[in-house]
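K.L.:
Quick one: the structure is below, questions incoming.
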Amino acid sequence: MLTLEFKAYGKPKQLAHIDEAIRTAQFIQNKCLRFWLDNPGVTKYDLNKYTAILAKEFPFAANLNSTARQSAAERCGSAITRFFKNCKQKIPGKKGFPKFKKTTRSVEFKQSGWKLSENRKRITFTDKNRIGSLKLKGTRDLHFYSLDQIKRVRLLKKADGYYVQFCIKVNREESVEATGKSIGLDVGLKEFYTDSNGISEKNPRFFRQGEQDIKRLQRRVSRRVKGSNNRRKARQRLGRRHLKISRQRQDFVVKLARCVIQSNDCVVYEDLRIKNMVRNHCLAKSINDASWYQFRLWLEYFAQVFGKITIAVAPNGTSQDCSRCGTIVKKSLSTRTHVCRCGCELDRDHNAAINILQKGMGTVGHTGTNGEKPLNASGEMTSTLVGAILSEQVAS
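For the sequence shown, my numbering begins at 14 and goes up steadily by one.
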């Protein structure tokens, strides 16, 4: 599934109707959650049927397209399913019990309730919410895809305006020449990552760079009177600054992940549990600023696009073991150089990256590609599922 995003432009009255549609979707989602709490055992099909009852009971809910009401119910159903899945898998800590939404920023339509213009530069919403026609501005061309391929259309409100996202069903595959190289990556806070060849990528620290601006804007928000226009404007400035940082992170990890995948046939990295790592309050801000998890997601995505292999290995002992002789050399976080009695002296992250690569190669044996899909030595598909344990990385 490919998601294309366009900036939407309309009159103030149209933007107010978009806000109304978003609030209606939030209302339906909360009503579905209340229906589930009052009637244990209801299924997602029951929630979809309940949206029709809500449309008859509340006139403003009837103004929203029926597929948008169903999408709101599906969001509630997804939260319920995720909660039961976490309980079944006995995930430690909170299981994510569904909560009522206080704020929602999007409303989603399926394949009805909207219409694209012939030049694909405008979109018209045809339900009774009176949103009307919106101008689309973006760098991507929708003419490459047929209308049947567009499965979802999402209206999204961000700090700098309104956006329209098109979820397009397409199998993206690109072919590149095999390089015959395998690489291990050790992510860190000093350097974003260090590979098994000793090459490091600088950690940009986007949040740290903009932290002073954020603090200044937060002080301005706190000084304004609640409910005033000046406070609303100050909140918008603060939101735009946070949005800029998130876009900088995404742009950085997307370009870096694509470069790493195109340059290597096999990429091995640590299967880190970021949720557990951020419990350290001294490092939580820096870990979140590094966006390791987002980098991993894009690595796995581009691996599927270019037909390469990605392997996630357990991080146990990768920093303490010697990459030459395997001897355990205890080191604290402040010790940045690995020195072993066998004569091996390397940077701590470089040594860990070599251990990660060796661990990955020991898991699947000799690796390679057949030009189409990633295979291991036995001819089995190699999984790139996030969170998969080592024994699940290779599935028939």
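Backbone N, C-alpha and C define an ideal beta-carbon position, used for all residues, glycine too.
Would you kindly check if the distance between the Cβ of methionine 14 and the Cβ of cysteine 279 is under 8 Å?
P.N.:
No. Outside cutoff.
K.L.:
Which residue spans inside the region 156-234 form an unbroken beta strand (DSSP E) run of at least 3?
P.N.:
Complete beta strand (DSSP E) runs here, min 3: 163-171, 174-181, 195-200, 204-208 and 213-215.
K.L.:
Taking just the CA atoms, how far does threonine 376 sit from phenylalanine 157?
P.N.:
Taking the straight line joining both Cα atoms gives about 41 Å.
K.L.:
For leucine 28, which of Gly240, Ser146 and Lys112 has the nearest alpha-carbon?
P.N.:
The shortest C-alpha separation from leucine 28 is found at Ser146.
K.L.:
Count the other CB atoms, across all protein chains shown, that sit within 10 Å of the CB of alanine 45; report buried if there are 16 or more and exposed otherwise.
P.N.:
For the record, residue 45 in the displayed sequence is cysteine; it is not alanine. So cysteine 45 counts as buried.
K.L.:
Suppose you measure from the CA of isoleucine 41 to the CA of leucine 346; what does that come to, to the nearest Å?
P.N.:
About 49 Å.
K.L.:
Can you grab the Cα-Cα spacing for the pair glycine 223 / leucine 312, in whole Å?
P.N.:
Those two C-alpha atoms are separated by around 26 Å.
K.L.:
In the DSSP assignment, find the beta strand (DSSP E) that holds cysteine 279 and state where it starts and stops.
P.N.:
279-283 is the extent of the beta strand (DSSP E) around cysteine 279.
K.L.:
So for isoleucine 104, helix, strand or coil by DSSP?
P.N.:
Correct three-state label for isoleucine 104: coil.
K.L.:
Ends of the beta strand (DSSP E) at serine 119?
P.N.:
Looking at the DSSP string, the run of the beta strand (DSSP E) that includes serine 119 is 119-122.
K.L.:
Would you mind sorting glutamate 83 into buried or exposed? The rule is 16 or more other CB atoms within 10 Å of its CB.
P.N.:
In the sequence as displayed, the identity of residue 83 is glutamine instead of glutamate. By the 10 Å Cβ count, glutamine 83 comes out buried.
K.L.:
Where are the alpha helix (DSSP H) runs, 4 residues long or more, that stay fully inside the region 334-377, in chain order?
P.N.:
You should have 361-377.
K.L.:
Which residue comes first and which comes last in the alpha helix (DSSP H) that contains phenylalanine 71?
P.N.:
No alpha helix (DSSP H) contains phenylalanine 71, which DSSP labels as neither H nor E.
K.L.:
Taking all protein chains shown into account, do 16 or more other C-beta atoms lie within 10 angstroms of the C-beta of lysine 386, making it buried, or fewer, making it exposed?
P.N.:
Confidence at lysine 386 is low in this model, with a pLDDT of 39, below 50, so its placement is unreliable and the value that follows should be read with caution. The residue in question, lysine 386, is exposed, as its Cβ has fewer than 16 Cβ neighbours within 10 Å.
K.L.:
Give me the DSSP bridge partner(s) of leucine 17.
P.N.:
Phe179, per the DSSP bridge assignment.
K.L.:
Please state the DSSP three-state secondary structure of leucine 77.
P.N.:
Reduced to three states, the DSSP call for leucine 77 is coil.
K.L.:
What residue range does the beta strand (DSSP E) around alanine 327 cover?
P.N.:
Counting along the chain, alanine 327 falls outside any beta strand (DSSP E), and DSSP gives it neither H nor E.
K.L.:
Name the two residues that bound the continuous alpha helix (DSSP H) containing leucine 129.
P.N.:
Run containing leucine 129: none in the alpha helix (DSSP H); it sits in the beta strand (DSSP E), 127-129.
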